[in-house]
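The structure appears right after this line, and notes come after that.
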Amino acid sequence: MIQRWTQSCDNDIYEKDSIITYVSMTERLSNNNFFIDKTPHIIVNQSICSGCEQRTCIHACPAELFVELHDGSIGFNYEQCLECGTCLILCSKDGALTWNYPNDGRGVSYRYG
Amino acid sequence: MSTLYDVVVVGAGPAGSAAAITAARGGSKVALIERGIYPGAKSVYGGVMYLKVLDRIVPTWREEIPFERWITKRHTMVLDGSTSVTVSYHDDGWGRHPYNGVTCLRSNFDSWFASKAQLEGVDLITATTVVDVKFHSGSNPSVMGVTLSNSDQTVGCRSVVLAEGALSPLADRLGLSSPSKNHHLTLGVKEVLKLDPSTIDERFGVPHDQGVDIEILGGLSPLVGGGFLYTNRDTVSVGVIISLESLKHHQVRAEYALEQIKHHPSIEPFIKDSMQVEYLAHLIPEGGWRDRGTLMKQGVYVTGEAASSTLALGIWLEGINYAIEMGAIAGEHATRYSEGKYGDEASRQYEDDIKRSFVGKNLKKLRFAPEVVLSNPIQRTLPILLNKTASSIFTVTDPLPKSGLIKTLYRAIKEANVAVVPTIKALLKTFWSFK
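Sequence order for the protein chains is S and V.
The numbering used here puts the first residue of the first sequence at 3, with every later residue one more than the last.
The numbering used here puts the first residue of the second sequence at 261, with every later residue one more than the last.
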């Protein structure tokens, strides 16, 4: 699935209204090998996240796994996590994320690397 | 307590396997524990390996490594809008012994390197995550063992080498990581794109076993960082490296910056009609020497990326060679520690040996460079200025007469809207930090 994707930005150096062909994240991740764990290796603490206004995780996760749900809570899909740690480093709320590496060889398994 | 090892190495990447090899050669019984299902399953890198460092560990590496292409062309490409200025170096000699840089797939390379450790008698344990390090009780406690995700038992050992990579959860928990490390992390995202090997040869102008490495500055606006494109045998890898600070500040996605680079008219022809086969992300510690943290405590040695052993500076992008050397030194020290040959001076001796190696010397010499490379003059001003200058020099203005170099440069500076004095200062500072 290829879709036209636009993004605007208030930075003056940035080219406004630039349009590029953007591959959807679903497609981008579809060729990766994932051995999915039964239990999530990252747990989002909704009671802390609901009070967060920055929500950096939503923009920063390079696999787009954090989404804001209709009720304002944070939805997180651990199954396609690339285990990079960006969310953990950029999250400004102590205790919002319980972050562990997956066990027993689960998680992403790069074939190229 | 189960099996007793002299040394347990956490992470079977380049640093971990090097540590396991030197520890085993020192006479230790070694376990090399890897959380992926094979070594390399969790590994990501951004370009070229410089492996002369292996001469003292695996002297036959040139005949043995599962290489993709020997790098014979090195481009530094500065992007702005839809233009680019490229400095290019081609050395056919790099395609022959003793070679310079090489590309490998990490799944192949890391597995090969770990197999060299196995040949030294190292127990390679995959699909196993080390979750904690246990210490003896007492006034000066040393390592007792490690606990694993899939077992309640502690695996006993006398020394531990943490080669767990950039995120370094164990080093963090033990209080060994530098508190400033997280401020100097960048996020690398990369795509591996499949192309016919002969298409790669043609597009990049190289024979089948030679390859090209393109380092990219600019073109990521508003984000701060750099990009790269390099050739494997039948794939090319394209990626961007973004400072986490700018990612947080601008709320623009890293993968969007990757698309920007991929669609730049100077890059797109190299990768068009390719098929994406993998998408990867990884954090890179760019703080260098100043972020190495506590390298050793109570028999626990930190090495490789976990100790910020990368040199990510635009003109030099190295890491695997540093990881191997630092890992090899850590393995030697861990063995001696496990034999009880060290007292209180163990930590200082490891640090001293790192300082004496090329890892310490290079990282220390260039310790001010990382922040300069990510600074505004280099990230914003330089790409605009270079491209505007090149455009005014090379664009023929007939019937208008040529304006001469000084006037051209003046016009480029004006057009780029650059403050002259701060820019000159910044460029001098950059030069100084690389001196």
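Positions of the beta carbon are idealized from the N, C-alpha and C atoms, including for glycine.
From a predicted model like this one, the values you see are computed outputs, not experimental measurements.
Endpoints, alpha helix (DSSP H) assigned at residue i
i	result
H593 (chain V)	I580 to S598
T58 (chain S)	T58 to A62
Q48 (chain S)	Q48 to C51
G715 (chain V)	The requested residue 715 (chain V) is not part of the displayed model; chain V covers only 261 to 695.
W692 (chain V)	V680 to S693
Y670 (chain V)	L665 to E675
Q520 (chain V)	A514 to K522
T282 (chain V)	P274 to R285
K648 (chain V)	L642 to F654
S458 (chain V)	P457 to F464
L430 (chain V)	P429 to R433
V633 (chain V)	A629 to V633
L311 (chain V)	No alpha helix (DSSP H) contains L311 (chain V), which DSSP labels as neither H nor E.
Start-to-end residues for the beta strand (DSSP E) that takes in residue i
i	result
V390 (chain V)	V390 to F395
G485 (chain V)	G485 to T491
G448 (chain V)	L445 to K454
S497 (chain V)	T495 to S503
S419 (chain V)	T414 to L422
P545 (chain V)	M535 to P545
V406 (chain V)	V403 to L408
V290 (chain V)	V290 to I293
I76 (chain S)	I76 to F78
Y563 (chain V)	It should be noted that the sequence gives Thr, not Tyr, for residue 563 (chain V). That residue, T563 (chain V), is in no beta strand (DSSP E); it is neither H nor E in DSSP.
D266 (chain V)	L264 to V270
F68 (chain S)	F68 to E70
E475 (chain V)	Q470 to L477
L99 (chain S)	L99 to W101
Chain S contact residues for residue i, given Cβ-Cβ distances below 8 Å
i	result
Y265 (chain V)	Residues of chain S passing the Cβ test: none, with the nearest at roughly 21 Å.
L250 (chain V)	The requested residue 250 (chain V) does not occur in the structure, where chain V is confined to residues 261 to 695.
Chain V contact for residue i (CB, 8 Å cutoff)
i	result
G77 (chain S)	no
S26 (chain S)	no
G74 (chain S)	no
D106 (chain S)	yes
G115 (chain S)	yes
Y80 (chain S)	no
Q9 (chain S)	Any reading at Q9 (chain S) is ruled out, since the residue's pLDDT is 38, under 50, leaving its predicted position unreliable.
V69 (chain S)	no
D19 (chain S)	In this predicted model, D19 (chain S) has a pLDDT of only 41, less than 50, meaning its place in the structure is not dependable; the value taken from the coordinates is given anyway. With 8 Å as the cut-off, D19 (chain S) does not count as an interface residue toward chain V.
Chain V contact residues for residue i, given Cβ-Cβ distances below 9 Å
i	result
H61 (chain S)	L507, K508, H510, Q511, V512 and R513
T58 (chain S)	L507, K508 and Q511
8 Å Cβ cutoff, residue i in contact with chain S
i	result
Y539 (chain V)	yes
Q536 (chain V)	yes
G442 (chain V)	Strictly speaking, residue 442 (chain V) in this sequence is Asn, with Gly absent from that position. Yes, N442 (chain V) counts as interfacial toward chain S.
V452 (chain V)	yes
Q639 (chain V)	no
Chain S contact residues for residue i, given Cβ-Cβ distances below 7 Å
i	result
H542 (chain V)	C86
V338 (chain V)	Within 7 Å Cβ-Cβ: nothing; V338 (chain V) doesn't reach chain S, min ~15 Å.
Partner residues on chain V for residue i, Cβ-Cβ distance less than 7 Å
i	result
P64 (chain S)	L447, V449, A514, E515 and A541
Per-residue contacts from residue i into chain V (C-beta, under 8 Å)
i	result
L31 (chain S)	Y539
Exercise for the section: Could you run through the stretch 356-367 of chain V and flag, in chain order, every residue whose CB is less than 7 Å away from some CB of chain S? Expected result: L365, R366 and S367
Handout entry: Cβ-based contacts, 7 Å cut-off: residues of the stretch 381-396 of chain V near chain S
Key = T386, A387 and T389
Exercise for the section: Run through the stretch 317-400 of chain V for me and flag every whole alpha helix (DSSP H) of 4 or more residues, listed as ranges in chain order. Expected result: 321-324 and 366-379
Exercise for the section: Name, going along the chain, the residues of the stretch 406-427 of chain V whose beta-carbon falls closer than 8 Å to a beta-carbon of chain S. Expected result: From the stretch 406-427 of chain V, only S409, N410, A426 and L427 have a Cβ closer than 8 Å to chain S.
Practice task
Would you list, in chain order, the members of the stretch 293-310 of chain V that have their beta-carbon closer than 9 Å to a beta-carbon of chain S?
Solution key: E294, R295, G296, I297, Y298, G300, A301, K302, S303, V304 and Y305
Exercise for the section: Below 9 Å between beta carbons is the criterion; list the residues of the stretch 37-54 of chain S that meet it against any residue of chain V, in chain order. Expected result: F37
Handout entry: Within 9 Å of chain S by C-beta, residues of the stretch 471-499 of chain V in sequence order
Key = Within the stretch 471-499 of chain V, the residues whose Cβ lies closer than 9 Å to some Cβ of chain S are S481, P482, N492, T495 and S497, listed in chain order.
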